[in-house]
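*Asks:* What follows is a structure written as structure tokens; I'll ask about it next.
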Amino acid sequence: MHSILIQMSLLMASGIVWRIVEPEGLDAEQTRKVLTTVVYYFFLPAMVLEVLWTADIGLHSLQYTALAVVSILFGMLCLWTVGSLFKVEHRCLGAMILAAAFPNITYLGLPVLEQTFGSWARSVVIQIDLFAASPLLFTLGVVVVRHYGKDTSGIRQPVWSFLNAPPFWAAGIAVLLNLNGLAAPIWLIGTLKLLSGAVVPLMLFSLGLALSWKAVRVRNIPYIIPVVVIKMILMPLFAIVLVDHTAMANNYKAAAVLDLAMPSMVLGIVLCDRYQLDSSLYAMAVTVTTALSLITLPFWYQVLMARF
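Residues in the sequence shown are numbered consecutively from 14, following this note's numbering.
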């Protein structure tokens, strides 16, 4: 695990260096937007299609969904309770709820789990993301940020509009092909594998571009502490207790829980910007939890290997 995290860190560090140097005048935000857009609309759908087309989809897929949804709801409830007790300002509370509840399941979870457990873990990550975390983020998550923030775009899209996106279309097609037993041509699988290979390094590099120590502010520390405790300690612990009540194989239990132990997701900053939540607080949460994950992920991995 430590060796894997060192490799991941080097790729993220490359993104941080790009942020500082700005080759050809391309700043980090501009570069990250281009890379993440290409990944989201082209490379990631190819990976989703490749993985889910040949994945073992069944009862355990529903168990992944239930585990992730209940764990994320637990994180949201914990942070909402803390915020209510201490009368946290709404724009801060909305950002804190997103940061504490929604892990970086794909952008960091995918490379870490694939390198730690093997290629089979990609199916776990994609199913948790597309069948649980993303639908919850773009439904209940959007409801939360609308409540605590202010939408200045003037566009009120229905919460189900997130389904009209390439990764979800790819997932739907792949599941249909999988359940109908249609075999993929060798040439097509080969092409999808080539495209899939670009996802992990681009994701990690983009994550590095998103990290900035300028976002770290002393005044935000009291807000970050509950986020760290809930996201990095309580939520994985809750997931471990919850996964014991499922019939999944032990290696799948470990992979699913480790994916939910990832730091705060990067995508939340887009929602914070749109709904005028405290974006700097959220950016600090992403930076701090990602840095701490270099310590917490090996810890939870050891706990999971000893338990499962």
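For every residue, glycine included, the Cβ atom is placed at its ideal position computed from N, Cα and C. Here the structure is a predicted model, which is why all the values come from computation and not from measurement.
Check whether the Cβ atoms of Val10 and Val299 sit closer than 8 Å, and answer yes or no.
*Replies:* Limits of the chain in this structure are 14 at one end and 321 at the other, which puts residue 10 out of reach.
*Asks:* How close, in whole Å, do the beta carbons of Leu121 and Leu273 come, if the pair is a contact with beta carbons under 8 Å?
*Replies:* That belief does not hold up - the Cβ atoms of Leu121 and Leu273 are roughly 12 Å apart, past 8 Å.
*Asks:* Measure the Cβ-Cβ separation of Val125 and Ile29 and say whether it is below 8 Å.
*Replies:* Not in contact: Val125 and Ile29 (Cβ atoms no closer than 8 Å).
*Asks:* In whole angstroms, give me the CA-to-CA distance for Gly210 and Val101.
*Replies:* So the alpha carbons of these two residues sit roughly 43 Å apart.
*Asks:* Once DSSP output is grouped into helix, strand and coil, what is the label at Pro235?
*Replies:* Helix.
*Asks:* Leaving out five residues before and five after Ile110 in sequence, what residues of the same chain have Cβ atoms less than 7 Å from its Cβ?
*Replies:* The answer, listed in chain order, is Met89, Leu92, Trp93 and Val157.
*Asks:* By the three-class DSSP mapping on this structure, what secondary structure does Ser148 have?
*Replies:* Looking at the sequence itself, residue 148 is Pro, so the reference to Ser does not match. Correct three-state label for Pro148: helix.
*Asks:* Output the boundary residues of the alpha helix (DSSP H) element that contains His15.
*Replies:* Element bounds for His15: His15 to Val34.
*Asks:* Is the distance from the Cβ of Leu310 to the Cβ of Met25 below 8 Å?
*Replies:* No. Outside cutoff.
*Asks:* Can you give me the start and stop residues for the alpha helix (DSSP H) that Arg320 sits inside?
*Replies:* Note, Arg320: alpha helix (DSSP H), Ser292 to Arg320.
*Asks:* Tell me Pro116's beta-bridge partners as DSSP assigns them.
*Replies:* BP columns for Pro116 point to Ser277.
*Asks:* Going by other Cβ atoms of all chains shown within 10 Å of its Cβ, with 16 needed for buried, is Glu37 buried or exposed?
*Replies:* Answer is exposed; the Cβ neighbour count stays below 16.
*Asks:* Quick check on Phe55: does DSSP put it in helix, strand or coil?
*Replies:* It is helical.
*Asks:* Determine contact between the stretch 282 to 290 and the stretch 247 to 264, defined as no fewer than three beta-carbon pairs at a distance below 8 Å.
*Replies:* No: fewer than three Cβ pairs fall under 8 Å.
*Asks:* Enumerate in chain order the residues of its own chain whose CB-to-CB distance from Asp291 is below 6 Å, with the five nearest sequence positions on each side excluded.
*Replies:* Excluding residues within five positions, the ones whose Cβ falls inside 6 Å are Arg104, Cys105 and Ala108.
*Asks:* Using beta-carbon positions only, say whether Leu217 and Met60 come within less than 8 Å of one another.
*Replies:* It is not a contact, given that the beta carbons lie outside the stated cut-off.
*Asks:* In three-state DSSP terms, what is Met216?
*Replies:* In the structure shown, Met216 sits in a helix (DSSP, three-state: H, G or I).
*Asks:* Mind reading off the beta-carbon distance from Asn117 to Pro214? Whole number of angstroms is fine, and I expect it under 8 Å.
*Replies:* 16 Å between Cβ atoms; not a contact.
*Asks:* Does the Cβ of Leu80 have 16 or more other Cβ atoms within 10 Å, making it buried, or fewer, making it exposed?
*Replies:* The residue is buried, with at least 16 neighbouring Cβ atoms inside 10 Å.
*Asks:* Thinking Phe130 and Asn264 are a contact (beta carbons under 8 Å), I'd like their distance in whole angstroms, please.
*Replies:* Indeed they touch by this definition, with Cβ atoms about 7 Å apart.
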